[in-house]
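Asks: The numbering of the sequence shown is the working numbering, which starts it at 296 and goes up by one. The beta-carbon is built from N, C-alpha and C at its ideal position, and this holds for glycine as well.
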Amino acid sequence: MTRTVPAATTAATAATRDGSQEKAEELCGAGPPANGAPRIRTLVVDDSSAFLDLLEHEVRRGLPRLEVVGRGNDGISAMELVELTAPDLVLLDLQMPGMTGFEVLRVLRERAPVPKVVVLTSHRGSFYREACERLGGDGFVHKGDLMSQLAPEVERLFGRPGDSTHS
296 MTRTVPAATT
306 AATAATRDGS
316 QEKAEELCGA
326 GPPANGAPRI
336 RTLVVDDSSA
346 FLDLLEHEVR
356 RGLPRLEVVG
366 RGNDGISAME
376 LVELTAPDLV
386 LLDLQMPGMT
396 GFEVLRVLRE
406 RAPVPKVVVL
416 TSHRGSFYRE
426 ACERLGGDGF
436 VHKGDLMSQL
446 APEVERLFGR
456 PGDSTHS
């Protein structure tokens, strides 16, 4: 099991809980994106470190609203990181050792506050999409179409930058 939380993020999480948003942003080196939209605290979970690296790169390049606050490589680390980082969004793989993405999704839906969860998978079958919807998944993205599908899903879940009608 691997879980990664940048040291600045851990300190920033503590600062945020203490009510110092400015201190949290200073520690992370990140404030709101240039357009003024709030950052979306994002946890990425996949058992492939190469895919996690690609995902982080693509998020930084194409989705500046997303701030990766942690990354895990299995379901157990995902659950720990949700507690530690309090993300707004979890990008979750389905097939992982120990605890599958389906199991993580089911457990997350029993907790509060509940982050939004977008499932990332290489499976195209409707069975997987329907199972994720039944378990409370907020979005479903095929890994092969990652950047063409992820941005619209984020916009659907959180609104356009500057749009205050979503939360």
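Rounded to a whole number of angstroms, what is the C-alpha to C-alpha distance between L358 and L452?
Replies: 14 Å
Asks: Quick check on DSSP: helix, strand or coil for L386?
Replies: In this structure, DSSP gives L386 an extended state, which the three-state scheme calls strand.
Asks: Have a look at R406, T416, G396 and flag the residue whose alpha-carbon is nearest the alpha-carbon of A381.
Replies: Checked all of R406, T416, G396; the closest Cα to A381 is R406.
Asks: Please report the distance separating the alpha-carbon of M442 from that of E353.
Replies: Put simply, the backbone Cα of M442 is about 7 Å away from that of E353.
Asks: Please state whether DSSP places R360 in a helix, a strand or coil.
Replies: Reduced to three states, the DSSP call for R360 is coil.
Asks: Assuming G439 and S417 make a contact with CB atoms under 8 Å, what is their CB distance in whole Å?
Replies: 7 Å
Asks: Using only alpha-carbon positions, find the residue among G393, C427, M391 that is nearest to R401.
Replies: C427
Asks: Where does E321 fall in DSSP's three states?
Replies: Only weak support is given to the placement of E321: the predicted model assigns it a pLDDT of 40, under 50, and the question is left unresolved by the model.
Asks: By the three-class DSSP mapping on this structure, what secondary structure does L338 have?
Replies: Here L338 sits in strand by DSSP.
Asks: From this set, K411, P408, T337, which residue's C-alpha is nearest R360's C-alpha?
Replies: T337
Asks: Please state the DSSP three-state secondary structure of T416.
Replies: strand
Asks: Note down, in chain order, each residue of its chain lying with its Cβ closer than 8 Å to the Cβ of A446, except the 5 sequence neighbours on either side.
Replies: G357, L358
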